[in-house]
Every structure is written in structure tokens, then in C-alpha cells.
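Residue numbers (my numbering), protein chains in the order written: chain H, 1213 to 1397; chain D, 1213 to 1397; chain U, 1213 to 1397; chain R, 1213 to 1397. Every residue gets a Cβ at the ideal spot worked out from N, C-alpha and C, and that includes glycine.
(1) Between the Cα of residue 1242 of chain H and the Cα atoms of H:1396, H:1392 and H:1385, which residue gives the shortest distance?
(2) Using DSSP's beta-bridge definition, name the partner residues of residue 1217 of chain H.
(3) Look up residue 1352 of chain H in the DSSP assignment and say whether it is helix, strand or coil.
(4) Give the straight-line distance between the Cα atoms of residue 1293 of chain H and residue 1273 of chain U, rounded to the nearest whole angstrom.
(5) For residue 1355 of chain D, I'd like the list of residues in its chain whose CB is within less than 7 Å of its CB, leaving aside the five on either flank, ordered along the chain.
(6) Determine whether the beta carbon atoms of residue 1276 of chain R and residue 1255 of chain R lie at a separation below 7 Å.
(7) Could you tell me which chain U residues have their CB closer than 7 Å to the CB of residue 1336 of chain D, listed as they occur along the chain?
(8) With distance defined between alpha-carbon atoms, name the residue in U:1269, U:1214, U:1260 and U:1280 nearest to residue 1244 of chain U.
(9) Identify which residue in D:1280, D:1340 and D:1284 has its Cα closest to the Cα of residue 1324 of chain D.
(10) How would you call residue 1269 of chain H, buried or exposed, if buried means at least 16 neighbouring beta carbons within 10 angstroms?
(11) In terms of alpha-carbon separation, which member of R:1373, R:1377 and R:1343 lies closest to residue 1357 of chain R?
(12) Could you pull out every residue in the same chain whose Cβ sits closer than 7 Å to the Cβ of residue 1389 of chain R, ignoring the five residues on either side in sequence?
(13) Using Cβ-Cβ distances below 9 Å, what residues of the segment 1340–1373 of chain U are close to chain H?
(14) Below 8 Å on C-beta distance, what does residue 1291 of chain D contact in chain R?
(15) If you draw a straight line from the alpha carbon of residue 1345 of chain D to that of residue 1219 of chain U, how long is it in whole angstroms?
(16) Just the chain R side, please: which residues come within less than 7 Å of residue 1332 of chain H by C-beta, in chain order?
(17) Identify, in the order they occur along the chain, each residue of the same chain with its Cβ nearer than 8 Å to the Cβ of residue 1350 of chain U, setting aside the five sequence neighbours on each side.
(18) Note down, in chain order, every chain U residue with its Cβ under 9 Å from the Cβ of residue 1396 of chain H.
(19) Any heavy atom of the ligand SAH inside 6 Å of the beta-carbon of residue 1396 of chain R?
(20) Mark residue 1235 of chain D as exposed unless 16 or more other C-beta atoms lie within 10 angstroms of its C-beta, in which case mark it buried.
(21) Between D:1374, D:1347 and D:1370, which has its C-alpha nearest residue 1360 of chain D's C-alpha?
(22) Give me the chain C residues within the contact set of residue 1303 of chain U, using Cβ-Cβ distance strictly less than 7 Å, ordered along the chain.
(23) Looking at the structure shown, is residue 1323 of chain U part of a helix, part of a strand, or coil, going by DSSP?
(24) I want to see whether chain R comes within less than 7 Å of residue 1262 of chain U, judged by CB atoms only; does it?
(25) Looking at residue 1347 of chain U: is its Cβ nearer than 7 Å to the Cβ of residue 1330 of chain R?
(26) Where do the ends of the alpha helix (DSSP H) carrying residue 1317 of chain H lie?
(27) Under 7 Å between C-beta atoms, does residue 1326 of chain D make it to chain H?
(28) Report the neighbours of residue 1319 of chain R on chain D: residues whose CB is nearer than 8 Å to its CB, in chain order.
(29) For residue 1365 of chain U and residue 1363 of chain H, what's the separation of their Cα atoms in angstroms?
(30) Report the three-state DSSP secondary structure of residue 1274 of chain R (helix, strand or coil).
(31) Going by DSSP, which residues form a beta bridge with residue 1395 of chain R?
(32) Please classify residue 1387 of chain D: does DSSP put it in a helix, a strand, or coil?
(33) For a contact defined as C-beta to C-beta under 9 Å, what are the partners of residue 1253 of chain U on chain R?
(34) Would you please state the rounded distance, in angstroms, between the beta carbons of residue 1228 of chain H and residue 1260 of chain H? I believe it to be under 8 Å.
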């Protein structure tokens, strides 16, 4: 099973990138799992403005994301909550990809995660973030994950500083891969 | 009362721009109402990536939107539904403005509208679109408006082709201005 | 494949019951599909108040719904939009069933539908209605269906009055059964 | 200013009732504020099934809630999250009241709160809970409040056990009353 993992940020020091990296490390230890850990800078695209797709105009970043998704059996996306909702960067990429047929998210198992320095870890935003994925027919894993107090969550080496977080992510990773296997390929 | 009106698109032929323009015309006929009908190209900003604001870095488009909002008593925003949710362009602008203190949307009455060629006019998307406005403390007018079959809704001169739409927008405009006046200035 | 179908109402003349009945008739014509067309009066339960479940206290209506769900491979639920959101009757049943382990909705494919005399058919409410199903790990079929102008949609015999509605429901039924088959049993 | 306060539960030991009681105590200490602290048992109503209202049929509990709301300038409602969403009991009451004209929630400032023994305090549910209030034109206070670890939050006398909770609720109460005063009466 191949899982595409990325954090929705290109900033150094983003907690969401850090959580993506640490989650990728945990997923890699699972038997039968190959991880494609991407950097979001590979996928960045100009703002989508309701343009129609003529078969050539999809921007390179969106095309790259579409291809990497199509090569993967599933994706784990770690995205910040901004103002109670989805990151514009992520929504922008989703909207570009929705021009393709078939839509690359259709029938794709997706694990949505979030990290924030606050006490709720972005959990409100996850419910807003999932809406376009649901609309496009992705299989959003029901156990979305929000990491609170993210500023204290990682060591300098990018590993989980709190044993309970590592344990939770391991259980989440196992639950998600079981979920992915529950769909006929 | 000064109302900022804009459609969230810079595309020629956008139904949401057309609805913004036609709504601005109706609002202008109301007694005591001044309309600032903006083109979204004035507000376009690069993608927001969780950056911190150091007092100088807000992009010019976001700064322009913040200033125009601060000069207005209320805003009417016409924004497309993409994949069941908010336009990334609009979310992006909202996130940039949320760095300012006070947040320009706080306590601001907002009329949210949408147009689409489909039968539902983008009504699902309006509920997703309002979330960041609610989170930031805007007063979202409860009677959001979705215009279905938008491809048949406008004349070549940009006026409402269907008498019932013009009537609905006039009632909406009157209801919204009454709503705006219900807040202490 | 066995599909449990019900409208969330016990009122005579409910459009949602009518849509459930007409949808059941269409589903029954599909090859390999058995329909369990239930009346919601079988499932009615007292209001759930955060009670804990001691293995005996689940009310008879909730127990009946749980059993019928467990016998089915999937469910089609037709539920009205009230005030932009989920019917309290449906939410009440979902909350009762969520006390069981495993939760009967987990991994169950669900088709959500709505009917209303208005122009939007309850489409806003479907997105609110799906949230607890998503939270409990049901597989909500992405193409939720809203029937507008429901007061003109049915003949006296309870059949679809408009040919395009019958066609849409047939396509929906075929899409949903394909979706159900995409999960490993 | 008169504020109606209630927890959406009739169970002894409900954390949401406890939070309602403790919040009522804090509100009562504010200058110019009168609290009507209700018990939800006064408002309980049979399940709403899309019935039409003939002017006499509204159940007594719903009628009582409507009257108490109409006597109040604002309301603070403390309601549990069940399965990521609104309590059926609360939704049921809202749907009954929506039959009245004018709708008692229209233009009414509402503070939504939640308590749970979990780490997120029901914050996801608050966003689902607010939807029907928004749809009916209530002014939902933007700073909704979720109390995590509610099993450790109260003393035997029903006071806040954690000084920081008491401080937060006091700030919340002050912010909410300022919000209520921002509307013209």
C-alpha cells in the first residue's frame, strides 16, 4: 500500500509540516506500507478562479499532485485551521484537481489531520476541511486527528516529544491502513 | 449607509461578478445607501501560508480590501461554490485580513450571495462560505441568497432577465439594509 | 444486496415518506437488490438525554432500527431539512444507536436524500444531516439527493410524476448500489 | 439586561447543566444583568415531525421556552455534543419554536456553550449546533465556549474547580453582555 503524505504549508517551522513528517515516519514502520512523503512546494498552484480546463492548462503543481495521488492508494493530509476553516492553499489545490475526469479524489481514502499551538489542535477546522473531499467522493477516514499544543509536540529531530502522541499516531496509522484495505482495489 | 459590493472573481463572464453588478445597481436605488462597487482584481493577494504579520507585510490587495471594508458600514459578497465549499480566493483574502487588529470583519454586517448555472445556485456552498466570517465575528445576514440557472439570469446589459429575480433582490436589499441599521453604530 | 429504506417521518402526507416509498420501488427493480422498506413508526424512540447504556435500556424502537441496519448491507434514509439542519427525530435515533458496540453505522454505506416543496429540496440540510453519520464512520454516498418542488413530484399512486425525477432516481440507485459493492464484505 | 440560561439536559450529573449553573452564577454578578436560570425539564416537548401549527397545538414545553425567550434580551444555552453534532433535544425545541411568527430566535443574541469530559469539550459540536440558530436569524456570539475535562471542572458545590475556567467564563460573560448591548433594542 502506497500512501502520499504531505503537510499543507511551505513554511519552515510549520507545525503541520512537522506533523506530516512525524506521521510519515510512523507509517513507514508499518508492514506493507510505502510512504511518498511530499513537500507542498511541489504542488503549489496559482489561485483558481473558476477557469475551465482545456486539457492543457492545469498548472504544473496541480498536475504533479494529481499524478502523485493517482500513484497512491491513499493520502494523509495535514492542514492547518485558519479562522475555523480550510486552508486556502489546500482548497485551491482541490479545486484545480476537481477539473480532471475522473476526479483524482473520488474513491480515495484520505486521512485528515491538523496541528495547532492551541488547546483544540484545529479540530473545528477539520470538519470544514473535509467538506470538499466529501463532495468529490473521497473516503474521508472518520477518525480525523487534531494535535493540540503543537509547539511542545516535537523534538529538535522532528520526533514526537510526548509518548502519548506517538502512541496515538501509531494507532491512527494502523486504523487508517485497515480502513484503506477495506476497499476493493 | 455605505455598502461595499464585490463578486469573488476576476474572470470576464463570471456569473458571480454579474450578480454583484446587478445587486449593486439595485442597492444604489435605495434611499440613504451609497454603494462602493469594487472589482476583485483590486483585492487579489498571494496565497496565505500561515505567515505572521509584522505590520508591513500584508500584501497590497489585502490592504486595499481592509481599507475599503473599514470605510463601509456593511458588505455584500457574491462568491461561487466550488466543490460544495468556499472559493479559495475568498478564503485567502479572509485569512490575510484576519491578521489585522481589530479584525476588519468583526461586527460587520455581511450579505453572502452566490450564483451558479445549476438548479441550487450554490446554496450548499454558502453555508461553508459563512464559517470563517462567523468565526471572525461578522454579522452574517441570515437570508443568504443563491441564484440558480445563472446562465439565463442576465440580459446583455447585465440587468436581471427574470422579473422575479429583480423582485427578490430588491426585497433582499431592503431586508439587508434594515438589518444593517439594527446595529448600533 | 439488502437495502434498508425509510423516510424520517410518521406523518401521512410527508414528502420524505413519499420519496422513500418511490425510491424503494425503483431500488426493487434492480437486479440483485432486496429492499426492506420500513415505516419510521417502527423506530420511534424517546428523546435521548446523554444516558448511559447498560445493555438493557436501549428503547425498543432504537433496538429495532439497530437490528434492521445490521441485517442490511446499506441504507437509504430520506429525511427532511428543518431550519437548515437535521431532523431531531433522525438525530435522536442516531444518538441512541451510537451507544451500541460496534456502532451499527460504522462502515455502512448510507444514501441520504431529502424532499421539500421549496426550490432547493432540502440540499442545505443534507450537509448538516451527514455530520453525525460521518462522525460515526458511515460511508455516506457522495451524491446526496435533494428533491425540490416535492408537492408536485408524486402521482396519487405514489409514483414519480416527472419523468426526469424517475430517471435521476434510477441513476442514483444504480450509482449507490455500485458504491455499496465497492466495499469488501 | 435579562439573560435566559439553561443546560440542555434533564439528567442529574449532566456536565452541561453544571456549566449552565456555574455560568448563571457568574452572569448574576455582572452589573445590570438579571438571570433567568431555567431547568430544561420546563421546556421538554414531544418529537417534532414536520407538523403544521394551527395556533393551539404548540406543546406546553415549547410554549414555555418561547415565552421565556421573549422575556429575555439574550440567552446562554449549554448543550452537549453528541456524535459531532447538535443534541436532538435542543434541535427538537428549536424546530417547534420555528413555527411561531415572529420566530423567537430572530435577532436574539445567543451564547452557545458546551462541556464534555473529553479534551475538546464539544467544540466540534458547537459549529453543528449553531446552524439552525443562524438559519433562523439569531445573533450567535462568535466566541462560543467549550469546556474540556468537565469531570474535573466543578466542586461539590457546583463552583468552578479551576481558577482559569472561572476567569475565562467571567471574560466570556463580559464579552457577551457587551455584544448584547451592541444591538439596538
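Quick answer:
(1) For residue 1242 of chain H, the closest alpha carbon among the candidates H:1396, H:1392 and H:1385 is that of H:1385.
(2) Answer by DSSP bridge pairing, in chain order: H:1249 and H:1288.
(3) In the structure shown, residue 1352 of chain H sits in a strand (DSSP, three-state: E or B).
(4) When rounded, the distance between both Cα atoms is 40 Å.
(5) The answer, listed in chain order, is 1384 and 1387.
(6) With contacts defined by Cβ atoms closer than 7 Å, residue 1276 of chain R and residue 1255 of chain R form a contacting pair.
(7) Within chain U, the residues near residue 1336 of chain D are 1335, 1336 and 1339.
(8) For residue 1244 of chain U, the nearest C-alpha among the options comes from U:1214.
(9) That would be D:1340, whose Cα lies nearest to the Cα of residue 1324 of chain D.
(10) Burial check for residue 1269 of chain H: the Cβ neighbour count within 10 Å stays below 16, so the residue is exposed.
(11) Out of R:1373, R:1377 and R:1343, R:1377 has the C-alpha closest to the C-alpha of residue 1357 of chain R.
(12) The beta carbon of residue 1389 of chain R is closer than 7 Å to those of 1213, 1242 and 1245 in its chain, skipping five residues each way along the sequence.
(13) Listed in sequence order: 1342, 1343, 1346, 1347, 1348, 1349, 1350, 1351, 1352, 1353, 1354 and 1355.
(14) Correct list: empty, because the minimum Cβ distance to chain R is about 17 Å.
(15) Each residue's Cα considered, the two are about 35 Å apart.
(16) Taking a Cβ-Cβ threshold of 7 Å, the residues of chain R close to residue 1332 of chain H are 1332 and 1335, in chain order.
(17) Taken in chain order, the residues that qualify are 1317, 1318, 1319, 1320, 1321 and 1322.
(18) Within chain U, 1393, 1394, 1395 and 1396 have C-beta atoms less than 9 Å from the C-beta of residue 1396 of chain H, given in sequence order.
(19) Absence of the ligand SAH is noted for the structure shown, with no ligands found whatsoever.
(20) Its Cβ being crowded by 16 or more others within 10 Å, residue 1235 of chain D is buried.
(21) Residue D:1374 is the option with its Cα nearest to residue 1360 of chain D.
(22) Note that chain C does not occur in the displayed structure, where the protein chains are H, D, U and R.
(23) Shown here, residue 1323 of chain U sits in a strand according to DSSP, grouped into three states.
(24) Output row for residue 1262 of chain U: interface = yes.
(25) The answer is no: Cβ separation not under 7 Å.
(26) Annotation: residue 1317 of chain H is outside any alpha helix (DSSP H) and is labelled neither H nor E by DSSP.
(27) Residue 1326 of chain D is outside the set of residues whose beta carbon lies under 7 Å from a beta carbon in chain H.
(28) Contacts between residue 1319 of chain R and chain D, judged by CB atoms closer than 8 Å, involve 1394 in chain order.
(29) Approximately 56 Å between the Cα atoms of the pair.
(30) For residue 1274 of chain R, the three-state secondary structure derived from DSSP is helix.
(31) Answer by DSSP bridge pairing, in chain order: D:1395.
(32) Of the three classes helix, strand and coil, the one that applies to residue 1387 of chain D here is helix, per DSSP.
(33) Residues of chain R passing the Cβ test: none, with the nearest at roughly 10 Å.
(34) Between residue 1260 of chain H and residue 1228 of chain H the Cβ distance is about 21 Å, and since that is not below 8 Å, they are no contact.
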